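All letters in the sequence shown, in the order written, are residues 3 to 203 by the UniProt record's numbering.
Just so you know, even glycine gets a beta-carbon here, dropped at the ideal spot from N, CA and C.
As the structure is a prediction and not an experimental result, all values here were calculated from the model.
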Amino acid sequence: VEPRKQALIGGLIDACRAVITANADHLSELDRAIGDGDHGTNMRRGCEAVYAERDRIMTLPLPQALEQIGFTLVMNIGGAAGPLYGTLLIEIGRQMGKNGEHADFPRVLEYAVDAVARRGRAAAGDKTLLDVLYPVYTEVLRRSDLAGIAEEAERSAKLTFGMKAMRGRASFLGDRSIGHVDPGAMSCALLTAAVCRFLKE
Ligand code: ADP
Ligand code: MG
Ligand code: MG
Numbered sequence: 003v004e005p006r007k008q009a010l011i012g013g014l015i016d017a018c019r020a021v022i023t024a025n026a027d028h029l030s031e032l033d034r035a036i037g038d039g040d041h042g043t044n045m046r047r048g049c050e051a052v053y054a055e056r057d058r059i060m061t062l063p064l065p066q067a068l069e070q071i072g073f074t075l076v077m078n079i080g081g082a083a084g085p086l087y088g089t090l091l092i093e094i095g096r097q098m099g100k101n102g103e104h105a106d107f108p109r110v111l112e113y114a115v116d117a118v119a120r121r122g123r124a125a126a127g128d129k130t131l132l133d134v135l136y137p138v139y140t141e142v143l144r145r146s147d148l149a150g151i152a153e154e155a156e157r158s159a160k161l162t163f164g165m166k167a168m169r170g171r172a173s174f175l176g177d178r179s180i181g182h183v184d185p186g187a188m189s190c191a192l193l194t195a196a197v198c199r200f201l202k203e
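Written out as structure tokens, the structure reads:
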């Protein structure tokens, strides 16, 4: 694997870990309002597990590295978000791997986001991280620039405030879930923005 690609993988791992570390308390606070208060802790555990494997992951080609990060997230995040973020990265890696350098990224992302939706049996508007992933996919399809994608992710996470949760723990609250930002949507927006900022540099 070329040094430049190794640096890309390492940099992405570090950027994601940094944004989760900085926002873990906020994410858990959002989860306390409509869930069980552990989303920040869960995400931090996942990022630390990936960080512990950073050196080994950096020796892998990008598709395999993403797949490996996905497996590590599934095994370590715990809670609903683990299999969902895990599925996203595993499927991005697999779809990229199939087409190598010629992978059409919007198609890759479309496939991966649909896989997350199947995994969670969730749809757009259910007040989950999919309410960030679908808009991000749309921006990628439109070939928006990185700043535009990050902005749309953050705007979309805020829009979950008015939604009623249909999946996950927050759905047990019914109408009382309205009036709170979904923690998974917020972590997804933060991660998207962190990845976009890193790629822009
Ligand atoms: P848990 O609810 O098990 O404690 P987390 O707190 O880590 O897990 O993650 C909660 C987040 O996971 C929610 O805010 C939501 O965005 C997402 N989520 C939960 N269940 C589903 C689902 N079935 N489909 C899609 N996303 C979901
Ligand atoms: Mg939780
Ligand atoms: Mg939990």
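{"Asked": "State the start and end residues of the unbroken alpha helix (DSSP H) segment that holds His41.", "Found": "His41 to Ala54"}
{"Asked": "Going by C-alpha to C-alpha distance, which of Val3, Ala105, Gln97 and Cys190 sits closest to Ala114?", "Found": "Gln97"}
{"Asked": "Three-state secondary structure (DSSP) at Glu203?", "Found": "coil"}
{"Asked": "Please determine, among Ala187, Asn78, Met165 and Cys190, the residue with the shortest C-alpha to C-alpha distance to Arg178.", "Found": "Met165"}
{"Asked": "Do Leu68 and Leu91 have their beta-carbon atoms positioned less than 8 Å apart in this structure?", "Found": "yes"}
{"Asked": "In the DSSP assignment, find the alpha helix (DSSP H) that holds His104 and state where it starts and stops.", "Found": "From DSSP, His104 is part of no alpha helix (DSSP H); its letter is neither H nor E."}
{"Asked": "So, is Thr61 buried or exposed, given that buried needs 16 or more other C-beta atoms within 10 angstroms?", "Found": "exposed"}
{"Asked": "If you follow the alpha helix (DSSP H) that Pro65 is part of, which residue opens it and which one closes it?", "Found": "Leu64 to Asn78"}
{"Asked": "Please list, following the chain, all residues that have a C-beta closer than 6 Å to any non-hydrogen atom of ligand 3.", "Found": "Asp38, Asp40 and Gly81"}
{"Asked": "So, at 6 Å on beta carbons, what are the nonlocal neighbours of His182 in its own chain, with the 5 sequence-adjacent residues on each side left out?", "Found": "Ala35 and Ile36"}
{"Asked": "Roughly how many angstroms separate the alpha carbons of Ile11 and Gly39, rounded to a whole number?", "Found": "30 Å"}
{"Asked": "Start and end of the alpha helix (DSSP H) containing Ile180?", "Found": "Looking at the DSSP string, Ile180 is not in any alpha helix (DSSP H), and its letter there is neither H nor E."}
{"Asked": "Following the continuous alpha helix (DSSP H) through Ser173, name the residue where it begins and the one where it ends.", "Found": "Unbroken run through Ser173: none, as it is neither H nor E."}
{"Asked": "According to the Cβ coordinates, are Leu29 and Pro185 closer than 8 Å?", "Found": "yes"}
{"Asked": "With distances taken Cα to Cα, identify the nearest neighbour of Ala9 among Arg58, His104 and Glu141.", "Found": "Arg58"}
{"Asked": "In whole angstroms, what separates the C-alpha of Ala159 from that of Thr194?", "Found": "11 Å"}
{"Asked": "Should Leu33 be counted as a contact of ligand 2 given a C-beta to heavy atom distance under 7 Å?", "Found": "Reading the sequence as shown, one finds Asp at residue 33 and not Leu. Yes, the beta carbon of Asp33 sits closer than 7 Å to at least one heavy atom of ligand 2."}
{"Asked": "Compare the beta carbon distance of Lys129 and Thr89 with 8 Å and say whether it is the shorter of the two.", "Found": "no"}
{"Asked": "Looking only at C-alpha atoms, which of Lys7, Val3, Asp33 and Thr43 sits nearest to Val21?", "Found": "Thr43"}
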